[in-house]
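> The structure that follows is given in the form of structure tokens.
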Amino acid sequence: MGMDDCGSFFPGLGSAFLYQVAAVVTTKYFKKRLALSTAIARSGMGLTFLLAPFTKFLIDLYDWTGALILFGAIALNLVPSSMLLRPIHIKTENSGIKDKGSSLSARGPEACATETHCDETEESTIKDSTTQKAGLPSKNLIVSQNQSEEFYNGPNRNRLLLKSNEESDKVISWSCKQLFDISLFRNPFFYIFTWSFLLSQLAYFIPTFHLVARAKTLGIDIMDASYLVSVAGILETVSQIISGWVADQNWIKKYHYHKSYLILCGITNLLAPLATTFPLLMTYTICFAIFAGGYLALILPVLVDLCRNSTVNRFLGLASFFAGMAVLSGPPIAEIIPSFQAGYMIIPRHTMALSTSLAYAISSLQFPFFLYHWPKDGKTV
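The structure is reproduced here in structure tokens:
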């Protein structure tokens with residue numbers, strides 16, 4: 019593996035791990051405002067059009083070596099940023115006493131035969147806690163220490179080691195089962211969502227990569243073509259934030275918004291061959307960026323609503339794996355097709371414009387939840 023391959027493979031691998039973990043943690047932190055928080059997190063992707071002039075500026079100023087070092091330093095800022103995603107657990111001073119009291123009450127009448135016995139137990143627990151706060155060892159602590167010393171030094175030591183080994187083996191086997199769990203493939207919504215995600219990503223990246231080529235084929239100046247990319251990035255950023263805020267209002271189900279945006283993206287791409295001048299191409303770019311940003315902001319919220327019985331991390335990981343194939347194959351296929359005289363969105367035959375429109379249309383049919391019920395153990399999911 020050469021230097022160029024390493025420079026492409028490892029940053030891509032790290033970005034994939036980072037996106038997966040950040041997306042899952044976001045679903046743990048936010049419930050009511052999940053769509054808006056996801057939209058804000060993803061909105062920076064729309065501003066990636068600024069990377070090209072910024073990279074050129076760094077190369078002219080510091081050469082390739084200095085530019086790569088600066089990009090590496092910028093990427094290292096993700097390490098302290100990721101540390102902020104740790105869950106916060108707040109413990110009060112009386113949390114220990116409350117936990118002990120709740121454990122006693124949870125045991126029920128079997129543990130406490132009479133109310134007097136329960137009161138004595140609670141009083142002794144409170145006394146022990148107060149003596150520990152005062153710096154004095156409690157009687158229960160001394161007795162338990164003596165019993166533990168006898169237990170560890172006695173004949174039960176080997177039994178304890180065997181029990182701990184059995185428990186560690188059970189933990190390892192459980193972890194392996196969770197790692198290679200294929201129960202997700204029995205969930206019908208997994209296939210519905212993955213099929214939609216794959217087709218929508220396939221149809222999204224083809225116009226994105228070939229927009230400038232479309233403009234050059236129409237004889238539009240390269241500077242004007244760069245404005246198309248800038249407008250698309252800015253509008254996609256704004257559209258994601260607005261779409262996330264609207265979805266969090268819960269006026270209708272989130273998958274209805276998602277489905278509508280996909281249909282509108284398909285209609286926009288179907289009309290793309292009619293954009294033969296710069297104003298029409300700008301109109302196409304504006305419409306596509308608005309609708310694409312709308313559905314991109316709702317991918318994760320719709321996924322959370324989908325996987326009721328499945329974990330989000332496995333659901334998102336497998337769906338992203340299959341969608342990544344579409345991301346890799348979409349733009350090259352669109353570039354190869356014209357050499358076979360099949361044409362794509364910049365060729366008069368409009369084959370690729372029709373295919374991307376159909377991809378969006380098919381992917382928009384993935385969410386008929388109100389018509390599709392999957393019976394399982396007498397319940398519907």
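Just so we're aligned, residue 19 is where the sequence shown starts under our numbering, counting upward by one. Just so you know, even glycine gets a beta-carbon here, dropped at the ideal spot from N, CA and C.
(1) Classify residue 49 as helix, strand or coil using the three-state DSSP reduction.
(2) For residue 34, which option in 351, 336, 347 has the closest C-alpha, if you only look at C-alpha atoms?
(3) Quick check on residue 34: does DSSP put it in helix, strand or coil?
(4) Around the Cβ of residue 97, are there at least 16 other Cβ atoms within 10 angstroms (buried) or fewer (exposed)?
(5) Using the three-state DSSP reduction, which class does residue 57 fall into: helix, strand or coil?
(6) Tell me which residues share the same chain as residue 316 and place their Cβ nearer than 7 Å to its Cβ, disregarding the 5 neighbours each side in the sequence.
(7) Would DSSP call residue 236 helix, strand or coil?
(8) Since residue 57 and residue 44 should fall inside the 8 Å C-beta cutoff, what is the C-beta to C-beta distance between them, to a whole number of angstroms?
(9) Quick check: the Cα distance between residue 208 and residue 312, rounded to an integer number of angstroms?
(10) Give, in chain order, every unbroken run of the alpha helix (DSSP H) that is at least 4 residues long and sits entirely within the stretch 237-274.
(11) Span of the alpha helix (DSSP H) holding residue 85?
(12) By the three-class DSSP mapping on this structure, what secondary structure does residue 305 have?
(13) Quick check on residue 310: buried or exposed, where buried means 16 or more other Cβ atoms within 10 Å of its Cβ?
(14) Does any CB atom of chain D fall closer than 7 Å to the CB of residue 344?
(15) Let me confirm a value: residue 205 is counted as buried when at least 16 other C-beta atoms fall within 10 Å, else exposed. Which label applies?
(16) Give me, in chain order, the residues of the same chain whose beta-carbon lies closer than 8 Å to that of residue 295; leave out the 5 immediate sequence neighbours on both sides.
(17) So within the stretch 277-349, which uninterrupted alpha helix (DSSP H) runs reach at least 4 residues, ignoring any that extend past its ends?
(18) Find the nearest neighbour of residue 38 within the set 308, 27, 333, 85, judged by alpha-carbon distance.
(19) Is the distance from the Cβ of residue 251 to the Cβ of residue 65 below 7 Å?
(20) State the Cα-Cα distance for the pair residue 210 and residue 222, rounded to the nearest angstrom.
(21) So is residue 70 buried or exposed if we call it buried at 16+ other beta carbons inside 10 Å?
(22) Could you tell me the distance, in whole angstroms, from the CA atom of residue 50 to the CA atom of residue 32?
(23) Taking the alpha-carbon positions, what's the residue 36 to residue 306 distance?
(24) Rank 42, 345, 301 by C-alpha distance to the C-alpha of residue 325 and give the top, closest one.
(25) Thinking residue 259 and residue 61 are a contact (beta carbons under 8 Å), I'd like their distance in whole angstroms, please.
(26) Measuring only the C-alpha atoms, how far is residue 95 from residue 89?
(27) If we ignore side chains and look at the alpha-carbon of each, how far apart do residue 291 and residue 93 end up?
(28) Under the three-state reduction of DSSP, which class applies to residue 229: helix, strand or coil?
Taking the structure as given:
(1) Here residue 49 sits in coil by DSSP.
(2) Ranking 351, 336, 347 by Cα distance to residue 34 puts 336 first.
(3) Reduced to three states, the DSSP call for residue 34 is helix.
(4) By the neighbour-count rule (16 or more Cβ atoms within 10 Å), residue 97 is not buried but exposed.
(5) The answer is helix: DSSP assigns residue 57 an H, G or I state.
(6) Answer for residue 316: 53, 261, 265, 272, 275, 276, listed in chain order.
(7) Looking at residue 236 - three-state DSSP - the assignment turns out to be coil, as it is neither helix nor strand.
(8) The pair is not a contact, with the Cβ atoms about 11 Å apart (cut-off 8 Å).
(9) A straight-line Cα-Cα distance of about 22 Å links residue 208 and residue 312.
(10) DSSP runs (the alpha helix (DSSP H)) wholly in the stretch 237-274: 240-266.
(11) Note, residue 85: alpha helix (DSSP H), 69-94.
(12) If DSSP states are grouped into helix, strand and coil, residue 305 belongs with the helices.
(13) Using a 10 angstroms sphere on the CB of residue 310, the tally of other CB atoms reaches 16 or more, which defines it as buried.
(14) Absence of chain D from the displayed structure is noted, only one protein chain being present.
(15) The residue is buried, with at least 16 neighbouring Cβ atoms inside 10 Å.
(16) These residues qualify, in order along the chain: 236.
(17) Whole alpha helix (DSSP H) segments, 4+ residues: 296-314, 317-324.
(18) With distances taken between CA atoms, residue 38 lies nearest to 333 out of 308, 27, 333, 85.
(19) Yes, the Cβ-Cβ distance between residue 251 and residue 65 is below 7 Å.
(20) When rounded, the separation of the alpha-carbon atoms in residue 210 and residue 222 is 18 Å.
(21) By the neighbour-count rule (16 or more Cβ atoms within 10 Å), residue 70 is not buried but exposed.
(22) Going by the C-alpha atoms only, they are around 29 Å apart.
(23) Taking the straight line from one Cα to the other gives about 28 Å.
(24) When the alpha-carbon of residue 325 is set against those of 42, 345, 301, the nearest one is in 42.
(25) About 6 Å separates the beta carbon of residue 259 from that of residue 61, a gap short enough to meet the 8 Å contact definition.
(26) Roughly 10 Å between the two C-alpha positions.
(27) Taking the straight line joining both Cα atoms gives about 39 Å.
(28) Residue 229 falls in the helix class under three-state DSSP.
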